[in-house]
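Trainee: If you scroll down you'll find the structure; I have some questions about it.
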Amino acid sequence: MKPISKNIAIVGSGLVGSLLALYLKKFGHSVTVFDRRPDVRKVEFSGRSINLAMSNRGWTSLREVGIEEEIKEIAIPLDKRAMHVNGKPMYFQKYGKEGEAIWSISRGVLNRKMIDLAEAAGVDFHFEEKIWDVSLPEAKLFSGATEKGEWKEYQFDMVFGCDGAFSRIRHKMQRRSRFDYSQRFINVGYKELSIPPNADGTHKLDKNSFHIWPRGDFMLIAMPNLDGSFTCTLFLPFEGEVSFESLGTEADAKTFFKTYFPNVTKDIENLTRDFFKNPTSALVTMKCYPWTYWDKAALVGDSAHAVVPFYGQGMNAGFEDIYVLNRLIKENGDDWEKTFQEYQKERKPNADAIAELSYRNFMEMSSKTADPKFLLQKKIEKRFADKYPEKWIPVYSRVTFSNRPYAEALAIGDAQEKVMQQVMQMPNIADKWNSREVEEKILGLLPS
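Using this note's numbering, the first residue of the sequence shown is number 519, and each one after it goes up by one.
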């Protein structure tokens, strides 16, 4: 039976909004996307971006709607971390098994492409049109130039909020009884920087690596772009001895880069210029529930579950929301209320799990990746996983290279960590890490 065509509004033309528009269009619905910002295809990027790491969940969602190959053309595969630890030569850590990689994509380049694809499919975009209010029971939107000015009223069959961590649609839902909401900022902010290409257009650092400079309370990361440049992100506390607050002058910034990132000093002029040109942004984890209202409204992506970016899963989790919605629409047909109920029940535990994993991964990336004990533990885990792939899949691989639920990855990861804590207590573990004894110990601690 052909589904009943609905008149659907999406608020937010970012990655999640434009992908959802493509999916809904494939079902034959009429789709209008509103965004208060100008068309991203016509403006220069704002310097607020962290390059995206597309992994399995993201690619699965793009494949389902038939655009995976087109997007791969604007992405670069990264199969390893490149670790820049002070006082040591650079070294590499492979991400997964042979052929497993995350893919670096510029957020701006991807967003432009997705809007092009959605527009070509017949989606109607309204840029520079701010939604001030929504009537949830009626699926009505109200837009206007100012909050106090005259508003235009739009009538839809349903509304999707894809308008990010500070969603207008969610804001309206929050006023309803028994709506749970929490937000948690971390004391670390971020700033986008860049490393330009060599004169011949090649990359200055290994182009198939995710580069990390871990420095305890702060870190720098770099991800490659197609034009030979790297988009870098500096994560730094807002206040304190080494912080955004403490770097007030160009001289301060130059000393900071020279002291902590000696192997990027040849690009110091560029980094210093970007440091003062680009804004400092905050990082928030946002949780809420419910995500839906009757069969009239639903939150998707960051508007339902914003996470800190340290697992590279924000976009992937949002795309997976859409993949799950797509499956449920196929199963439930025109029963949108049932689809929305099942969607939020299935996705909420997984959103909470990736929020927790993302927060933990910041601790791991900034400080533990330079800790010899942690590196030894990872080496033991990798050796065991290579030998017994059916018994041990590392949590990073479960999150990044599979489509299994995030909640499952978190639970299994916690169980694995308990095992490894006991293994790391073994006498002389550094000398016998690759021995049969250690193997037997792990096998003995694993549930049968």
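Just so you know, even glycine gets a beta-carbon here, dropped at the ideal spot from N, CA and C.
Look up residue 572 in the DSSP assignment and give the residues it is bridged to.
Mentor: Taking the first residue of the sequence shown as 1, we reach residue 572 at position 54. 621, per the DSSP bridge assignment.
Trainee: Where does residue 928 sit, in a helix, a strand or coil, going by DSSP?
Mentor: Residue numbering aside, residue 928 sits at position 410 when the sequence shown is read from its first letter. Helix at residue 928.
Trainee: Assign residue 748 to one of three DSSP states: helix, strand, or coil.
Mentor: Translated into the one-based positions of the sequence shown, residue 748 becomes position 230. Looking at residue 748 - three-state DSSP - the assignment turns out to be strand.
Trainee: Taking DSSP as the reference, what is the three-state secondary structure of residue 757?
Mentor: Position 239 of the sequence shown holds residue 757. The answer is coil: DSSP assigns residue 757 none of H, G, I, E or B.
Trainee: Where does residue 854 fall in DSSP's three states?
Mentor: Counted from its first residue, the sequence shown places residue 854 at position 336. Three-state result, residue 854: helix.
Trainee: With burial defined as no fewer than 16 other Cβ atoms inside 10 Å of the residue's Cβ, what is the status of residue 561: buried or exposed?
Mentor: For the purposes of this step, residue 561 is identified with residue 43 of the sequence shown, where counting begins at 1. Residue 561 should be labelled exposed.
Trainee: Going by C-alpha distance, which of 930, 960, 609 and 874 is nearest residue 727?
Mentor: Start at 1 with the first residue of the sequence shown, and residue 727 comes out as number 209. That would be 609, whose Cα lies nearest to the Cα of residue 727.
Trainee: Going by C-alpha to C-alpha distance, which of 716, 556, 731 and 592 sits closest to residue 777?
Mentor: Sequence index remark: in the sequence shown, residue 777 carries index 259 (1-based). The candidate whose alpha carbon is nearest that of residue 777 is 731.
Trainee: Kindly list the residues whose CB is nearer than 8 Å to the CB of residue 957, restricted to its own chain and excluding five residues on each side of it in sequence; keep chain order.
Mentor: As a position in the sequence shown, residue 957 is number 439, starting the count at 1. 902 and 905.
Trainee: Taking the straight line between their C-alpha atoms, what separation do you get for residue 583 and residue 848?
Mentor: The residue given as residue 583 occupies position 65 in the sequence shown. The residue given as residue 848 occupies position 330 in the sequence shown. The alpha-carbon atoms of residue 583 and residue 848 are separated by roughly 14 Å.
Trainee: Assuming residue 706 contacts residue 753 (C-beta within less than 8 Å), just tell me the rounded distance between them.
Mentor: Within the sequence shown, residue 706 is the residue found at index 188, counting from 1. Within the sequence shown, residue 753 is the residue found at index 235, counting from 1. That belief holds up - the Cβ atoms of residue 706 and residue 753 are roughly 5 Å apart, short of 8 Å.
Trainee: Note the first and the last residue of the continuous beta strand (DSSP E) segment covering residue 742.
Mentor: Translated into positions along the sequence shown, residue 742 becomes position 224. Looking at the DSSP string, the run of the beta strand (DSSP E) that includes residue 742 is 737-742.
Trainee: For residue 644, which of helix, strand or coil comes out of DSSP?
Mentor: The residue given as residue 644 occupies position 126 in the sequence shown. Residue 644 falls in the strand class under three-state DSSP.
Trainee: Should residue 572 and residue 621 be called a contact, given that it needs their Cβ atoms to be closer than 8 Å?
Mentor: The residue given as residue 572 occupies position 54 in the sequence shown. The residue given as residue 621 occupies position 103 in the sequence shown. Contact: yes.
Trainee: Taking residue 733 as the reference, which of 882, 694 and 845 has the closest Cα?
Mentor: The residue given as residue 733 occupies position 215 in the sequence shown. Comparing Cα-Cα distances from residue 733 to each of 882, 694 and 845, the minimum goes to 882.
Trainee: Among residues of its own chain, excluding the 5 on either side of residue 542, which ones have a beta-carbon nearer than 6 Å to its beta-carbon?
Mentor: Locating residue 542 in the sequence shown gives position 24, where the first residue counts as 1. Excluding sequence neighbours, residue 542 sits near 526 and 549.
Trainee: I'd like the list of long-range same chain contacts for residue 810, defined as Cβ closer than 6 Å, with 5 residues on each side in sequence excluded.
Mentor: In the sequence shown, counting from the first residue as 1, residue 810 sits at position 292. Same-chain partners within the cutoff: 816, 858 and 862.
Trainee: Are the Cβ atoms of residue 951 and residue 911 separated by less than 8 Å?
Mentor: Indexing the sequence shown from 1 puts residue 951 at position 433. Indexing the sequence shown from 1 puts residue 911 at position 393. No. Outside cutoff.
Trainee: Got a sec, what are the start and stop residues for the alpha helix (DSSP H) residue 915 sits in?
Mentor: As a working mapping, residue 915 is identified with position 397 in the sequence shown. Residue 915 -> alpha helix (DSSP H) spans 913-918.
Trainee: Identify which residue in 672, 523, 919 and 813 has its Cα closest to the Cα of residue 854.
Mentor: What you label residue 854 is simply residue 336 of the sequence shown in a count that begins at 1. The option with the nearest alpha carbon to residue 854 is 813.
Trainee: Please state whether the Cβ-Cβ distance between residue 678 and residue 557 is less than 8 Å.
Mentor: Residue numbering aside, residue 678 sits at position 160 when the sequence shown is read from its first letter. Residue numbering aside, residue 557 sits at position 39 when the sequence shown is read from its first letter. It is not a contact, given that the beta carbons lie outside the stated cut-off.
Trainee: Tell me, to the nearest whole angstrom, how far the beta carbon of residue 871 is from that of residue 801; I am working on the premise that it is less than 8 Å.
Mentor: One-based indexing of the sequence shown puts residue 871 at position 353. One-based indexing of the sequence shown puts residue 801 at position 283. Actually they do not touch by this definition, with Cβ atoms about 18 Å apart.
Trainee: For a test of your reading of the model: does the CB of residue 919 fall under 7 Å from any non-hydrogen atom of the ligand ATP? Yes or no.
Mentor: Ligands displayed in this structure: none; no statement on the ligand ATP is therefore possible.
Trainee: Please name the residue, chosen from 604, 846, 940 and 630, that lies closest to residue 960 on a Cα-to-Cα basis.
Mentor: Your numbering for residue 960 matches position 442 in the sequence shown. Of 604, 846, 940 and 630, the residue nearest in Cα terms is 940.
Trainee: Considering only residues of the region 651-678, which uninterrupted beta strand (DSSP E) runs meet the minimum length of 3 residues and lie entirely inside it, listed in chain order?
Mentor: Complete beta strand (DSSP E) runs here, min 3: 658-662 and 669-673.
Trainee: What is the residue span of the beta strand (DSSP E) that residue 777 lies within?
Mentor: Counted from its first residue, the sequence shown places residue 777 at position 259. Where residue 777 is concerned, there is no enclosing beta strand (DSSP E), although the alpha helix (DSSP H) it sits in stretches over 768-778.
Trainee: May I ask which residues mark the beginning and end of the beta strand (DSSP E) holding residue 529?
Mentor: Within the sequence shown, residue 529 is the residue found at index 11, counting from 1. 525-529 is the span of the beta strand (DSSP E), which, as asked, contains residue 529.
Trainee: Do three or more CB pairs link the region 839-848 to the region 532-547 at distances below 8 Å?
Mentor: At 8 Å Cβ cutoff, the stretches touch.
Trainee: Using only CA atoms, which one of 604, 574 and 623 lies nearest to residue 533?
Mentor: Mapped onto the sequence shown, residue 533 falls at position 15. The shortest C-alpha separation from residue 533 is found at 623.
Trainee: Just curious, the beta strand (DSSP E) that residue 707 is in, first and last residue?
Mentor: Here residue 707 corresponds to residue number 189 of the sequence shown, with the count starting at 1. Residue 707 -> beta strand (DSSP E) spans 706-713.
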